[in-house]
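Under my numbering, the first residue of the sequence shown is numbered 7, with each subsequent residue one higher. Glycine residues also receive a C-beta, built at the ideal position from the N, C-alpha and C atoms.
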Amino acid sequence: MSSDFAFWKAVPGDPEEIYDKVCEGITDGLSASGDVLRFRQELLRRFPDVKDELQPGDFDLAENPEDAEKYVVLTLSYGRLRDTFGEVLDLAKVHGLVGFSGVAGEPIFFED
């Protein structure tokens, strides 16, 4: 069992619709941001084994390298979710991102 979570820099629009689009690789309307790229890099540094659970993947980035600065979709197994999700959320907050939980069907926002 796994859960998908997407993160991006805040833009106007319905978070669930944005989530659905990024899960399909549709990035229209998303802003490129160094914060998204740094979030992605930090995830890979801290959890190198999530490389295959992270989208956009290498194949996608070869075609659309700018997507590395637009969004991250992370598919976490139950065990990984339990063990590391708090740290993932902390990283998203530090980088000023918002997101959506596919399993909960709820937006992810952080308050200061």
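(message) Quick check: residue 76 and residue 36, are their CB atoms within less than 9 angstroms of each other?
(response) One thing to note: residue 76 has its Cβ within 9 angstroms of the Cβ of residue 36.
(request) Count the other CB atoms, across all protein chains shown, that sit within 10 Å of the CB of residue 32; report buried if there are 16 or more and exposed otherwise. (result) That one is exposed.
(message) For residue 74 and residue 109, what's the separation of their Cα atoms in angstroms?
(response) Computed Cα separation, rounded: 23 angstroms.
(message) Let's test the definition: count the other Cβ atoms within 10 Å of the Cβ of residue 105 and tell me whether it reaches 16, buried, or not, exposed.
(response) Residue 105 is buried by the Cβ-count criterion.
(message) On the criterion of 16 or more Cβ atoms from any shown chain inside 10 Å, does residue 94 qualify as buried, or is it exposed?
(response) Around the beta carbon of residue 94, a 10 Å sphere encloses 16 or more other beta carbons of the protein chains shown; the residue is thus reported as buried.
(request) Counting only the same chain and skipping the five closest in sequence on each side, list residues whose C-beta sits under 7 angstroms from that of residue 47. (result) Within the same chain, residue 47 has no close Cβ partners at all.
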